[in-house]
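Novice: The structure's right below; bear with me while I get my questions together.
Number of protein chains: 2
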Amino acid sequence: MTNPVTRLPVSQRSIEIARSMTDLARFQTDSTWARRCTEPGISDFTFGNPHEMPLSSLVNALQSWSTPLNKDWFAYKSSEQESREVATAGLRARTGVPFAPEDLAMTNGGIAALMIGIRTVIDPGDEVLYSQPAWFLYDALIVDAGATPVRVDIDPATFDLDLAAIEAAITPRTRVFVINSPHNPTGKVVPSETLAKLATILEEASARNGRTIYLLSDEPYAKLVFGGGRAPSPAEHYAETLVAYSYGKQHLAPGQRIGFLAVSPRSAAREEIRRSAFVTQIATGWSFPNALMQHALADLESVSIDLHHLRRKRDRMTSALRAIGYNVHVPDGTFYLFPKAPIGDDRAFAELLAKHDVFVMPGDFFGTPGYFRISLTASEEMIERSLPIFAAVYHEATALELSAAAG
Amino acid sequence: MTNPVTRLPVSQRSIEIARSMTDLARFQTDSTWARRCTEPGISDFTFGNPHEMPLSSLVNALQSWSTPLNKDWFAYKSSEQESREVATAGLRARTGVPFAPEDLAMTNGGIAALMIGIRTVIDPGDEVLYSQPAWFLYDALIVDAGATPVRVDIDPATFDLDLAAIEAAITPRTRVFVINSPHNPTGKVVPSETLAKLATILEEASARNGRTIYLLSDEPYAKLVFGGGRAPSPAEHYAETLVAYSYGKQHLAPGQRIGFLAVSPRSAAREEIRRSAFVTQIATGWSFPNALMQHALADLESVSIDLHHLRRKRDRMTSALRAIGYNVHVPDGTFYLFPKAPIGDDRAFAELLAKHDVFVMPGDFFGTPGYFRISLTASEEMIERSLPIFAAVYHEATALELSAAAG
Chain E
7 MTNPVTRLPV
17 SQRSIEIARS
27 MTDLARFQTD
37 STWARRCTEP
47 GISDFTFGNP
57 HEMPLSSLVN
67 ALQSWSTPLN
77 KDWFAYKSSE
87 QESREVATAG
97 LRARTGVPFA
107 PEDLAMTNGG
117 IAALMIGIRT
127 VIDPGDEVLY
137 SQPAWFLYDA
147 LIVDAGATPV
157 RVDIDPATFD
167 LDLAAIEAAI
177 TPRTRVFVIN
187 SPHNPTGKVV
197 PSETLAKLAT
207 ILEEASARNG
217 RTIYLLSDEP
227 YAKLVFGGGR
237 APSPAEHYAE
247 TLVAYSYGKQ
257 HLAPGQRIGF
267 LAVSPRSAAR
277 EEIRRSAFVT
287 QIATGWSFPN
297 ALMQHALADL
307 ESVSIDLHHL
317 RRKRDRMTSA
327 LRAIGYNVHV
337 PDGTFYLFPK
347 APIGDDRAFA
357 ELLAKHDVFV
367 MPGDFFGTPG
377 YFRISLTASE
387 EMIERSLPIF
397 AAVYHEATAL
407 ELSAAAG
Chain D
7 MTNPVTRLPV
17 SQRSIEIARS
27 MTDLARFQTD
37 STWARRCTEP
47 GISDFTFGNP
57 HEMPLSSLVN
67 ALQSWSTPLN
77 KDWFAYKSSE
87 QESREVATAG
97 LRARTGVPFA
107 PEDLAMTNGG
117 IAALMIGIRT
127 VIDPGDEVLY
137 SQPAWFLYDA
147 LIVDAGATPV
157 RVDIDPATFD
167 LDLAAIEAAI
177 TPRTRVFVIN
187 SPHNPTGKVV
197 PSETLAKLAT
207 ILEEASARNG
217 RTIYLLSDEP
227 YAKLVFGGGR
237 APSPAEHYAE
247 TLVAYSYGKQ
257 HLAPGQRIGF
267 LAVSPRSAAR
277 EEIRRSAFVT
287 QIATGWSFPN
297 ALMQHALADL
307 ESVSIDLHHL
317 RRKRDRMTSA
327 LRAIGYNVHV
337 PDGTFYLFPK
347 APIGDDRAFA
357 ELLAKHDVFV
367 MPGDFFGTPG
377 YFRISLTASE
387 EMIERSLPIF
397 AAVYHEATAL
407 ELSAAAG
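Structure below.
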């Protein structure tokens, strides 16, 4: 073996993972939010966690499917035929791509689906490319697989992919491009035209490299699109696509986990990826969903938070913030807003809000300083309570910046 | 990067994992058992899966804890304080070792606990040592972590650890010894004297290597010990122990998953391992237990299959097999028997049984040809139905072997 023996008490890999999560870990354990997040009366727009009671349809499904109908009800489960069929029907209807049940690896949530997607095709030394701002745990998954994250910025004017930047960042070691549409944190739905052009770029680069570049489509917000719109799946445009889906957003119940990784039926490696995903799920700790969640999926496939209610919160918040003076895109989907911070230092701005009991996530966490994220899973009460604060802090922050500039 | 770019459609790692599971995969997809396992009337002694309806106390706990008591009931869960406290109290009472709740990483089952235990301390190139016969998925977990499995045999006369063989197999790259007591498949409880001697061997080797060798104690059968006996935990004897526990055996519900990895409070790396386990759980796909299982653990910690019933099955089966002529140890715990096959070829013997609708696992799967495993999760009806077959096939097999020897 060529690797040197380390004298560390823990694995080098775990230290690298921890390093990739430093900012997030500090926020979760050693921030104003961490100290105050359980206080009543605060307005918490940080994580996409529920601020209202769970959906009764979710609770009913868990209770009714807890009753065992046979001796194998809670026996070892991998990707069960019944849950695969339910999820496949939904995915086919949504995308028009003819997935078969065997194309779906059922997973214990969307993070496991991403992890399996990466490990199924990634070897140590490979590069995984993604656009930022981005969800804050991609790096942990990539580093754990022994690969290297490579980031490009999105187009700041449109929040769409910057295709020229993506093309320029591809190397012979690029193995995966992770795409996330509808996009956390901007709420952008990447349009079909962009996906078609991206497919051409990846096809050409794969041919040049003599090695497939896979598109890993992280699409947990696919059903959370406003105004009857639809988020086209990258799988509709590129054969070598792996779709990672989580039901945790539509249920707003990320603690009760189920998701899947689906290989496109058009992939040249369809059979190999099915097999690779299966053994990888075993080797990463049996990352299949629990029995109850697989049984209950028959009911849970169509359970969703109220999109009309979510849209009302989006509209209220964007129009009120714009009226104050904030620069904010209207998101096509997801439950996030990603406004520009009124001053350059998004962390300082978030701390100003926190002094007035309003908590947001600085854009810095997503690789994009100068912005902040608002999660609309907050209650209407929190939204109404926070708006005067957003106004006061806007003026306070810009006045501070002006006086600093003048001084 | 020094790693060469492969032209394979999937990761090299996934191919190595698949290779480590070849025999098992073939058994599960392409064997007489695979073709016939759902037929009524067969006697299925293969996997440790339930053959009777789930425990009503399990079902009741799932139903009652499905009712949300607050808005965060199904929010993101990592290792929750409440479930940690419940599990810690049980672990302290069982071992006498003063674990704190923060020493426990709650996991989505025992396989995830083992995976986290390995990845927390293992770097690519390290060696993981274990005794065989052994559970058939250690290699998959080890290979996925980039490490190399090294195997030594147990003492065939006593089924105890062969300490001299273990000592001889330790190298400067040995990082973990995996111990499994009560032992699958033999049912052996490793006695305290052996654990004390093992601790001395590992302490001396760690000092010699200038690097800790961790003991990963895979003890999901710890509560399944017969006759009021107790399985001492290796954590009672060796400071650098990680305990991997699964509730799936005591509940006989491996599809509804919860377990934990506990670092010994006596470990010199206690704090580092806690942190390393936490980030590794995130990076391997959020391998924490589902919310419902963590809530329900308050009830589930003490839920167990009926040990008296299990003991009656063990006694009936061992005495009947011995009367026929089989060489079989009486297990101290677990729900397995590991008799010698009456002929050297354990696969051929299993096929003979299968012709008469009785299914067992050849010892070969556990790295120990010449034996076979019987799972006592089988129903009493299966046991009674199978005993005449075990007798007939014993005579058939030995007669065949005699005639082959004569020919």
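Sequence order for the protein chains is E and D.
Going by our numbering, the letters in the first sequence line up with residues 7 to 413, in that order.
Going by our numbering, the letters in the second sequence line up with residues 7 to 413, in that order.
Cβ coordinates follow ideal geometry from the N, Cα and C atoms, glycine included.
Please read all numbers here as calculations on a predicted model, not as lab measurements.
Within 8 angstroms (strictly less), CB to CB, does D/Phe-33 reach chain E?
Specialist: False, the Cβ-Cβ gap to chain E never drops below 8 angstroms.
Novice: What separation, rounded to the nearest whole angstrom, lies between the Cα atoms of E/Leu-143 and D/Arg-322?
Specialist: Taking the straight line joining both Cα atoms gives about 53 angstroms.
Novice: Is E/Leu-135 helix, strand or coil by DSSP?
Specialist: Three-state DSSP puts E/Leu-135 in a strand.
Novice: What first and last residue would you give for the beta strand (DSSP E) that runs through E/Ser-252?
Specialist: Unbroken beta strand (DSSP E) run through E/Ser-252: 247-252.
Novice: From D/Met-121 to E/Phe-51, what does the alpha carbon distance come to, in whole angstroms?
Specialist: Each residue's Cα considered, the two are about 34 angstroms apart.
Novice: Between the alpha carbons of E/Phe-365 and E/Glu-386, how many angstroms are there, rounded?
Specialist: Approximately 15 angstroms, taken between the alpha carbons.
Novice: Going by beta carbon distance, what residues of the same chain come within less than 6 angstroms of E/Pro-348, once the five residues before and after it are set aside?
Specialist: Tyr-400, Ala-403 and Thr-404, listed in sequence order.
Novice: Give the secondary structure of E/Leu-358 by DSSP, where H, G and I count as helix, E and B as strand, and everything else as coil.
Specialist: Reduced to three states, the DSSP call for E/Leu-358 is helix.
Novice: Just checking: is the beta-carbon of D/Ser-37 within a distance shorter than 8 angstroms of some beta-carbon in chain E?
Specialist: With 8 angstroms as the cut-off, D/Ser-37 does not count as an interface residue toward chain E.
Novice: Please list the residues of the stretch 284-296 of chain D that have a C-beta atom closer than 7 angstroms to any C-beta atom in chain E, keeping them in chain order.
Specialist: If the cut-off is 7 angstroms between Cβ atoms, the stretch 284-296 of chain D has Val-285, Thr-286, Ile-288, Ala-289, Thr-290, Gly-291, Trp-292, Ser-293 and Asn-296 near chain E.
Novice: Consider the Cβ of D/Tyr-144: report whether some Cβ of chain E lies at a distance smaller than 8 angstroms.
Specialist: It does not: the Cβ of D/Tyr-144 has no partner Cβ on chain E nearer than 8 angstroms.
Novice: In three-state DSSP terms, what is E/Ala-275?
Specialist: Here E/Ala-275 sits in coil by DSSP.
Novice: Going by beta-carbon coordinates alone, are D/Tyr-332 and D/Arg-379 separated by less than 8 angstroms?
Specialist: Going by C-beta atoms, D/Tyr-332 is not nearer than 8 angstroms to D/Arg-379.
Novice: Any beta-carbon of chain E closer than 8 angstroms to the one on D/Asn-190?
Specialist: Output row for D/Asn-190: interface = no.
Novice: Apart from the five residues on each side of it in sequence, which residues of its chain come closer than 7 angstroms, Cβ to Cβ, to D/Glu-173?
Specialist: For D/Glu-173, where only same-chain residues beyond five positions count, the Cβ hits under 7 angstroms are Ile-207.
Novice: Would you call the CB atoms of D/Leu-230 and D/Gln-256 closer than 8 angstroms?
Specialist: In this structure, D/Gln-256 lies closer than 8 angstroms to D/Leu-230 by Cβ.
Novice: Measuring CA to CA, which of D/Ala-326, D/Ile-23, D/Pro-368 and D/Pro-46 is closest to D/Leu-393?
Specialist: The residue with the shortest Cα to Cα distance from D/Leu-393 is D/Ala-326.
Novice: When the Cα of E/Arg-19 is compared with those of D/Leu-30, D/Asn-55, D/Leu-97 and D/Ala-153, which residue comes out closest?
Specialist: Considering only alpha carbons, the answer is D/Ala-153.
Novice: By the 10 Å Cβ neighbour count, where 16 or more other Cβ atoms means buried, how is D/Pro-15 classified, buried or exposed?
Specialist: The residue is buried, with at least 16 neighbouring Cβ atoms inside 10 Å.
Novice: Looking only at its chain, what residues have a beta carbon closer than 8 angstroms to the beta carbon of E/Asp-161, apart from the 5 residues adjacent to it on each side?
Specialist: Contacts found: Leu-167 and Asp-168.
Novice: With a threshold of 8 angstroms on Cβ separation, who are the neighbours of D/Asp-29 within its own chain once the five nearest residues in sequence on each side are excluded?
Specialist: Phe-142, Asp-370 and Phe-371.
Novice: Residues of chain D with a CB under 9 angstroms from the CB of E/Pro-178: which are they?
Specialist: Correct list: Val-11.
Novice: Would you identify the three-state DSSP class for D/Arg-13, choosing helix, strand or coil?
Specialist: D/Arg-13 falls in the coil class under three-state DSSP.
Novice: Only counting the same chain, and skipping five residues up and downstream in sequence, which positions put a Cβ closer than 6 angstroms to that of E/Tyr-227?
Specialist: Excluding sequence neighbours, E/Tyr-227 sits near Pro-188, Lys-255, Gly-339 and Thr-340.
Novice: When you compare each of E/Val-92, E/Leu-408, E/Leu-316 and E/Ala-95 to E/Phe-232 by their alpha carbons, which one comes out closest?
Specialist: Nearest of E/Val-92, E/Leu-408, E/Leu-316 and E/Ala-95 to E/Phe-232, Cα basis: E/Leu-316.
Novice: For E/Ile-389, decide whether its Cβ has a neighbour in chain A, counting only Cβ atoms nearer than 8 angstroms.
Specialist: No chain A is part of this structure, whose protein chains are labelled E and D.
Novice: Could you compute how far the alpha carbon of E/Arg-280 sits from the alpha carbon of E/Ser-49?
Specialist: Taking the straight line joining both Cα atoms gives about 44 angstroms.
Novice: So, helix, strand or coil for E/Tyr-227, using DSSP?
Specialist: Reduced to three states, the DSSP call for E/Tyr-227 is coil.
Novice: Using a Cβ-Cβ cut-off of 6 angstroms (strictly less than) and excluding sequence neighbours within five positions of E/Ile-148, which residues of its own chain qualify?
Specialist: Val-134 and Pro-155.
Novice: Which chain E residues sit within Cβ distance under 9 angstroms of D/Tyr-82?
Specialist: Result: Phe-53, Gly-54, Asn-55, Gly-254, Pro-260 and Gly-261.
Novice: Which residue comes first and which comes last in the alpha helix (DSSP H) that contains D/Ala-483?
Specialist: Shown here, chain D extends from 7 to 413; a query on residue 483 of chain D therefore has no answer.
Novice: Any idea what DSSP makes of E/Pro-155, helix, strand or coil?
Specialist: Correct three-state label for E/Pro-155: strand.
Novice: Take D/Ile-219 and list the residues in its own chain whose beta-carbon comes closer than 8 angstroms to its own, dropping the five residues that flank it on each side.
Specialist: Contacts found: Ile-176, Thr-180, Arg-181, Val-182, Phe-183, Leu-208, Ala-211, Ser-212 and Glu-246.
Novice: Report the CB separation of D/Asn-190 from E/Tyr-82 in whole angstroms; it is logged as a contact under 8 angstroms.
Specialist: About 14 angstroms; that fails the 8 angstroms criterion.
Novice: What's the call for E/Lys-361, buried or exposed, on a 16-neighbour Cβ count within 10 Å?
Specialist: The residue in question, E/Lys-361, is exposed, as its Cβ has fewer than 16 Cβ neighbours within 10 Å.
Novice: Distance check for E/Gln-300 and E/Ser-89, CA to CA, integer angstroms please.
Specialist: Distance between the alpha carbons of E/Ser-89 and E/Gln-300: 5 angstroms.
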